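Engineer: The structure follows.
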Amino acid sequence: MFSGIIDRLNDICIVAGKELRHCFRDSHVLIYTVFVPLILYPVSLVSLSEYSLWREGLAETRPIHVAFEKDGLDKIPEFVAAVKEAKRLKVVESDNPIGDLQQGKLECVVDGSKAPESIKIILNQASDRFLETKVAMATKTFEARGKAMRKALEEAGCETKVIRVFDIVTTSVGTIGGRKAKLQDMELTAFSTTMVLVAFYGYTMLIITVGAVYPALASFTEEFEKRTKNTTYMLPVERSSVVIGKFSAVVMLTLLSGMVNFFSMGLVAVYFTWKLDWLRRTLALALKQYSLGNVILLLVVFLLSTLLVAAIYSLMAANAKSFKEAQNASSLILVGITILPMVALLPGWQLNELTALVPILNMVLAAKAIVTDSLGSFEMICASMETIAVTAVLVYLSQVVFWGREPADRVPEDKLATNPSTGEG
Amino acid sequence: MSLDAINLTKRFFDPKRGEFNAVDSISFSCSKGEIFGLLGPNGAGKTTTLRMITTILKPTAGTAKVNDFDVIAQPRQVRKQLGFVSADTGLYERLTPREILTYFGRLSKYPKEKLKDRIDEITVMLQMEQFVDSRCEKLSTGMRQKVSIARAIVHDPPVIIMDEPTTGLDVLTSQVLHRFVLQCKEIGKCVVFSSHIMSEAEKLCDRMGIIHNGKLLAAGTLEELRRESGMHYLEDIFLSVVKETGSDVT
Amino acid sequence: MTSLDWDEICVVFRKDLLEVLRDYRTLIVMILMPVIIYPALLVLPSSLAHHLQSDMRSKRYSVGLVGDYKSAVKFFGETKTITITKTADEAEPEKIVSAKLADIVVSFPKDFFRLIDGNLDSTPKVTIFYDARKDQNLMALTEVRGVLNHMRSAYVQKRLESLGVKAPQRYVVNFSDLKELGDQSLASEPVRNILPFLLFTMLTVSIIYPALDVITGERERNTLPLLLMSPTDRRSIMYGKFLVVCVMGAAALLIGLLSIFIFMQIGTSSASDDFIVMRFPIQAVVMCGFVALPLVVILSSLSILLASWCKTFQQGQGYFVPFLFVAMGASSVCSLPGLKLSSGIALIPVVNIALSLKEVLSGQYDFIWLAVSLLVSIGFAVYVTYLASHILDSERLLFGVADSRLRRRLSGDFGPEVGLLALTVFLLMFYLGQTLQSWDIVVGSLITQVVVILLPAIVLLRHLKMSLVKTMSLERPRLLSLLGALLITPLCIVVSMLVYKFQTGIAPAPEAFTTMFTRLIVDNGKPLWLCLIGIAIAPGICEELLFRGAILGLLRPRYKPILLCVLVGVLFGLFHMSVFRVLPTAVLGMLLTGLAIWTGSIWPCMIVHIGNNSSAILLSKFGNEEMLLNWWPVPIVAGVLGLFLLYHSRGSAQYQKPEKPEDEKI
């Protein structure tokens, strides 16, 4: 009994070892698991920052042109002053502002002739910078309002304190992330949860799926395409050992790919935060919330998700008859798996007895619960057990699907007869 | 003369062996109504030779002439003269044999108006009526080979080149193929046939060349080869020729 | 060259179209999916969020008030979404929240209302308690803050009246747009910015699969050799297949636009946000269809080229992802403000279509530039397809003819090695170089030059067992060529300056960038000689050894001089990792490469490079860039003289093939 288990483990190890060796000799796997992650993050960081600098430069050299209707000019002095002070806005004189606006010479015309009841700001939908102008003008209105108020107070000889009346302080009862630090700010909470959910979980699922696709396709469909399935079938090992071995190889490669991705992204993130002060401060504030226990819990969630995703892809690849077919299916799954985390972002979704039973979603919600430190151990155990159970079922199904009922059923006789190798040289 | 290989040479590179001649100045010829067999073990250079004749590999040195068209200088003319059959021929899985035949017939410039009749004729000749309108993905190996043959001859080429066409075929389908080769000879085609199966060559070929390690070791009719080596069976002749020159090679 | 055979193209087209259409499973997954899912992804989340928001607005939150809250009840009572929960007066607010007696508790200090009524100087604190772990509470928090702000402004009004201050005029601002005044735009701004991105992504995904199927598929199924054996013109095959991919792309475009249109209708009917208007009328759909057709054509040709390079579908899949990223990147020009086709972008394929789309949708377009970008696109597509037709015959791709590393190197093809070198330098530069340089611009730059730039090149050449002197053209130069190089230096500087000036039309550097740049180079507090060594001389030597030495030496046996100039120049430009420097440095790199090829030596390049870098330092320290431009006759005369000298110094040394690896004799 006991030796039987050892034997099986041994078989599984042999199969997994072969698949790993096979994958590592395949340049595609190396490129995807090691090379792309190493290059991708620095390149995207450089291109993103260069792009934003380019945008910045264009915006600086092309200020938003604003014209005032002449007869309203003296009715809104604060507004005019606020616009004139702004770096990105430029006040221009125009005899026919509406005409110029239509021709695209201006981005915006301010008609203050009916002030203070109504100030009309006319924009051009056709302009490139319609939204930008709209936002800028709205901010300027707000600024002008504050300025006018302060001026009135000054004229009356009052301090501006008068209009503060009272201060508002926000305190959260619960703590976020497990460190007993209280969050003073709702923005930070929101930032912390969204960051982890979108950035961590959405991204994690993406790299898991991307990392799992190729090893799964390589180890399952190649047996079909290279016609090695029948020889594998004849081996004196349990049929399930073969599939479990392949599955373990897929899991290991997926984990490796995930690790390399995290490492490379971490390096870039460290580098980037070190360069940008504001980002470092916010990130540090958000990261400070996590206790070691919660980080470990997040890693558990990562591991469980990897298992599940690897099982899904194994089943898909085992079911496919060719690489191309598996590829078609994989892109559908990719969309499905990466969209699910978005559901968890919606407010009100929480890990409970019911949602703990939905695969993938329960892992996302568990991550959310860990981040907000509201994880119930019962729900977590439920979700983990469910994930493991689903994984086991999927692996079992892949075994059934992969071998079929009888090997002869799957491969027609005439296909066996075809000898693919006649190439020379 | 219909086909002439003149000192065909192709150099390849192999990490273990370094530069080597996969085909080493091979010359042979095959005329109208003749079947020339290219015999040799796997890796001898048969396929490479035939690929050079069919213009899809460029010879490192030497050349070949098909109906006096040069494979290097006039590849397009050469291609018009050729039909090619091999065991690992791919078919368009999602097309029917009729569509494949029409496609290649049109591309090989067979007169448009006669093409339909020609396809019907070939269909009858190769007994493909049953499956000529069903998709290739559903066909068996034997049927596929028939489609391959039909595809090679749809434009009625004067020269037919067959690269180990019987590999992987059962006896019955091989039989159909052999009959077809002999038929081609009767109507005056020039057929070059490569094989590693001696009995097949014995049965079909008018003349044959024994090729090993890229070199053409002996060529002639079966009688000539028997006379030279003093042996009767082609298999023995082949072994003796390979052994004889074996010392030079290694 | 013979003319195209349209009959052949037709035959190929018909057959491949039939084949693609019969593979309906792939078609559904690969074409319908992106075409329907991407627009859905665009619209559904926003309408879902909108729905949820309105749902949450209708929800009522229980708010507990603690402390001196009597006068606040009025304000809280006015808000519909809030119900005031009765709490024990002495209860601790945190406990109320923890016990879930109320969603949120507002605690007022003692004598709160007396204080704010009477004492103008006091600012008492109001504390809000809530449970941040439940995201529904964020909405309640917003509501409560709203009520408190409302309360505050009521008190401000009251205070001002009591002080006799006339409340300043309230600005009531109405935004209106030109629509009623005859606005010509076809779609609103957010649509104009998103649509090109969406179309680019969608079409790339939809086009690549038919392309892989008709070309890589032939390779994989082993039908390509047969096709090549038929007397068909390679160009006919390619153009036939190209047309098939175009047709599939056009179909995807049509379905995609319709689905975007439909989803936008659904999205806009549910969301009534008037700050962001999503307007995409049917006229815009039609116009988009026309303008995006060149995109279909160009993407088809590029995918055909890509598919021709692939031996298997797996490989195709691998190349596809970077291809998609590039396409998505190209569409990002649409969100750059103020960029117009007329600024020269019309001449850049792919990017010009993104911009055309935006200009047409905004109704501010110029027919001439649209026509230019259309012509550029079609010409580019035809050329790319023609290029692809040459790859079909490749023996390596057809039969996997052994192409070992040694053989490749023997034949003088060092492409992969150069790629590896460039990537290594990039990664080192990214992690190490930038860190070192921001630690200390002069010393850091010095170390960077040696460790990041020079060392990899030397290690690679040593590994390849090639002679450093010969590969890097380090032989003793002719005196005449050195003198010539010295004389043309000002001209080179002026040229790269002019290029920089031209570039500012498309990509002007923001102020922050230029100030940082001058701070680094000029005001770094280092003595001038140290600056010159670190920023001018060391780069002049090390960068030359890398680009005009190792990279040029490795690429030289394989490419023609013109192509070499472009390749090495572009690499040199990209190496500077900055949009604002890429063009001038690329041009300088091309000039230097030309010089290296012409003189057969790297020393003249070092002179020009050092001269260029030191002039940048000296000019920004002691004068300005205009100085050199104002004195333009000087560089021109010197340049002409220098060119003359260089022309005559062209001796036996030039254009030597670098020696082959030594001990790999066969």
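Top to bottom, those sequences are chains R, U and L. Quick note on my numbering: the first sequence kicks off at 1 and runs consecutively. Quick note on my numbering: the second sequence kicks off at 1001 and runs consecutively. Quick note on my numbering: the third sequence kicks off at 2001 and runs consecutively. Quick reminder that beta carbons are idealized off the backbone N, C-alpha and C, glycines included. Note that this is a predicted model, so its numbers are computed, not measured.
1) Leaving aside the five residues before and after residue 1014 of chain U along the sequence, list all residues of the same chain whose C-beta is less than 8 Å from its C-beta, in chain order.
2) Which two residues bound the contiguous beta strand (DSSP E) that contains residue 1006 of chain U?
3) Give the interface partners of residue 1094 of chain U over in chain L, defined as CB-CB distance under 7 Å, in chain order.
4) Can you pull the chain U neighbours of residue 2225 of chain L, defined as C-beta to C-beta under 7 Å?
5) Would residue 292 of chain R pass as an interface residue toward chain C - the criterion being a Cβ-Cβ separation below 7 Å?
6) Can you find at least 3 beta carbon pairs, one from the region 2470-2481 of chain L and one from the region 2570-2590 of chain L, that sit closer than 8 Å?
7) How would you write the range of the beta strand (DSSP E) that residue 172 of chain R sits in, first residue to last?
8) Measure the CB-CB distance between residue 2483 of chain L and residue 2324 of chain L and report whether it falls below 7 Å.
9) Find the residues of chain L that neighbour residue 1088 of chain U, judging by a C-beta separation of less than 7 Å, and give them in chain order.
10) Would you tell me roughly how many angstroms separate the C-alpha atoms of residue 2575 of chain L and residue 159 of chain R, rounded to the nearest one?
11) Tell whether a beta-carbon distance below 7 Å holds between residue 216 of chain R and residue 19 of chain R.
12) Using three-state DSSP, classify residue 2130 of chain L as helix, strand or coil.
13) Taking residue 1021 of chain U as part of the alpha helix (DSSP H), name the residues at either end of that continuous run.
14) Under a Cβ-count criterion, where at least 16 other Cβ atoms within 10 Å of its own Cβ denotes burial, should residue 88 of chain R be classed as buried or exposed?
15) Sort U/1214, U/1222 and U/1133 by Cα distance to residue 1201 of chain U and report the nearest one.
16) Which residues in chain R have a C-beta closer than 7 Å to the C-beta of residue 2129 of chain L? List them in chain order.
17) Less than 7 Å between CB atoms is the rule here; does residue 2098 of chain L satisfy it with respect to chain R?
18) Any beta carbon of chain R sitting closer than 7 Å to that of residue 2466 of chain L?
19) Considering only the beta carbon of each residue, do residue 2389 of chain L and residue 2279 of chain L sit closer than 7 Å?
20) Is residue 1205 of chain U near residue 1037 of chain U, with beta carbons less than 7 Å apart?
21) At what residues does the beta strand (DSSP E) containing residue 1220 of chain U begin and finish?
22) At 7 Å on the CB atoms, spell out the chain R contacts of residue 2327 of chain L, in chain order.
23) Distance check for residue 1064 of chain U and residue 1176 of chain U, CA to CA, integer angstroms please.
24) I want to see whether chain R comes within less than 7 Å of residue 2159 of chain L, judged by CB atoms only; does it?
25) Who pairs with residue 1193 of chain U in a beta bridge, going by DSSP?
26) Against chain L, does residue 1069 of chain U count as a neighbour if the rule is that its beta carbon must be under 7 Å from one of theirs?
27) Taking Cβ positions, are residue 2577 of chain L and residue 46 of chain R nearer each other than 7 Å?
28) Identify the continuous beta strand (DSSP E) that holds residue 1086 of chain U and give its terminal residues.
29) Do residue 2079 of chain L and residue 2156 of chain L have their C-beta atoms within less than 7 Å of each other?
30) Considering just the uninterrupted stretch of the beta strand (DSSP E) at residue 2083 of chain L, what are its terminal residues?
31) Mind checking the region 1112-1132 of chain U against chain L and listing, in chain order, the residues whose C-beta falls within less than 7 Å of any C-beta there?
32) Check whether the region 2205-2221 of chain L and the region 2313-2328 of chain L are in contact - that is, three or more C-beta pairs closer than 8 Å.
33) Short check: CB of residue 2612 of chain L to CB of residue 2493 of chain L, under 7 Å?
34) Name, please, each residue of chain L whose Cβ falls closer than 9 Å to the Cβ of residue 1108 of chain U.
35) Opposite residue 2108 of chain L in the DSSP bridges: which residues?
36) Determine contact between the region 1165-1176 of chain U and the region 1110-1122 of chain U, defined as no fewer than three beta-carbon pairs at a distance below 8 Å.
Structural biologist: Quick answer:
1) The count along the second sequence starts at 1 and reaches residue 1014 of chain U at position 14. So the list reads 1020, once near-sequence residues are dropped.
2) In the second sequence, residue 1006 of chain U corresponds to position 6, counting from 1. Start and end: 1003-1014.
3) The sequence position of residue 1094 of chain U within the second sequence is 94, counting from 1. The contacting residues are 2019, 2022 and 2023.
4) Locating residue 2225 of chain L in the third sequence gives position 225, counting from the first residue. What residue 2225 of chain L touches in chain U: 1056.
5) Given the protein chain composition of this structure (R, U and L), no chain C is represented.
6) no
7) The residue labelled residue 172 of chain R in the question sits at position 172 within the first sequence. First-last of the beta strand (DSSP E) with residue 172 of chain R: 167-172.
8) Mapped onto the third sequence, residue 2483 of chain L falls at position 483. Mapped onto the third sequence, residue 2324 of chain L falls at position 324. No; because the gap between Cβ atoms is not below 7 Å, this pair is not in contact.
9) The sequence position of residue 1088 of chain U within the second sequence is 88, counting from 1. Simply 2222.
10) Residue 2575 of chain L sits at position 575 when you count from the first residue of the third sequence. Residue 159 of chain R sits at position 159 when you count from the first residue of the first sequence. If I take the Cα positions, the gap works out to 57 Å.
11) By 1-based counting over the first sequence, the position of residue 216 of chain R is 216. By 1-based counting over the first sequence, the position of residue 19 of chain R is 19. No; because the gap between Cβ atoms is not below 7 Å, this pair is not in contact.
12) Residue 2130 of chain L sits at position 130 when you count from the first residue of the third sequence. The answer is strand: DSSP assigns residue 2130 of chain L an E or B state.
13) Sequence index remark: in the second sequence, residue 1021 of chain U carries index 21 (1-based). Per DSSP, residue 1021 of chain U belongs to no alpha helix (DSSP H); it is in the beta strand (DSSP E), 1018-1030.
14) Mapped onto the first sequence, residue 88 of chain R falls at position 88. Label assigned to residue 88 of chain R: exposed.
15) Locating residue 1201 of chain U in the second sequence gives position 201, counting from the first residue. Looking at the Cα atoms, U/1222 is the closest of the given residues.
16) For the purposes of this step, residue 2129 of chain L is taken as residue 129 along the third sequence, with counting starting at 1. By Cβ distance, chain R contributes 171 and 173.
17) Here residue 2098 of chain L corresponds to residue number 98 of the third sequence, with the count starting at 1. Yes - at least one Cβ of chain R is within 7 Å of the one on residue 2098 of chain L.
18) Along the third sequence, read from residue 1 onward, the residue named residue 2466 of chain L stands at position 466. Cβ-Cβ to chain R under 7 Å: no for residue 2466 of chain L.
19) Working through the third sequence from its first residue, we reach residue 2389 of chain L at position 389. Working through the third sequence from its first residue, we reach residue 2279 of chain L at position 279. No; because the gap between Cβ atoms is not below 7 Å, this pair is not in contact.
20) As a first step, residue 1205 of chain U must be located in the second sequence, where it is residue number 205. As a first step, residue 1037 of chain U must be located in the second sequence, where it is residue number 37. In contact: residue 1205 of chain U and residue 1037 of chain U (Cβ atoms closer than 7 Å).
21) Residue 1220 of chain U sits at position 220 when you count from the first residue of the second sequence. Note, residue 1220 of chain U: beta strand (DSSP E), 1215-1221.
22) Reading the third sequence from its first residue, position 327 is the one you call residue 2327 of chain L. Going along chain R, no residue has its Cβ under 7 Å from residue 2327 of chain L, so there is no contact; the nearest lies around 14 Å.
23) Counting from 1 along the second sequence, the entry for residue 1176 of chain U is found at position 176. Counting from 1 along the second sequence, the entry for residue 1064 of chain U is found at position 64. One C-alpha to the other measures close to 30 Å.
24) Taking the first residue of the third sequence as position 1, residue 2159 of chain L is located at position 159. Yes, its Cβ sits closer than 7 Å to a Cβ of chain R.
25) On the second sequence, residue 1193 of chain U is found 193 positions in, with the first residue counted as 1. BP columns for residue 1193 of chain U point to U/1037 and U/1162.
26) On the second sequence, residue 1069 of chain U is found 69 positions in, with the first residue counted as 1. So no, residue 1069 of chain U is outside the interface.
27) Sequence index remark: in the third sequence, residue 2577 of chain L carries index 577 (1-based). Sequence index remark: in the first sequence, residue 46 of chain R carries index 46 (1-based). Closer than 7 Å, so yes.
28) Taking the first residue of the second sequence as 1, we reach residue 1086 of chain U at position 86. 1082-1086 is the extent of the beta strand (DSSP E) around residue 1086 of chain U.
29) The count along the third sequence starts at 1 and reaches residue 2079 of chain L at position 79. The count along the third sequence starts at 1 and reaches residue 2156 of chain L at position 156. In this structure, residue 2156 of chain L does not lie closer than 7 Å to residue 2079 of chain L by Cβ.
30) In the third sequence, residue 2083 of chain L corresponds to position 83, counting from 1. Residues 2082-2085.
31) none
32) yes
33) Residue mapping note: residue 2612 of chain L aligns to position 612 of the third sequence, counting from 1. Residue mapping note: residue 2493 of chain L aligns to position 493 of the third sequence, counting from 1. Yes, Cβ-Cβ distance for residue 2612 of chain L and residue 2493 of chain L is below 7 Å.
34) Within the second sequence, the letter at position 108 stands for residue 1108 of chain U. Correct list: 2230, 2231 and 2232.
35) Position 108 of the third sequence, counting from 1, holds the residue named residue 2108 of chain L. Answer is L/2067, bridged to residue 2108 of chain L.
36) no
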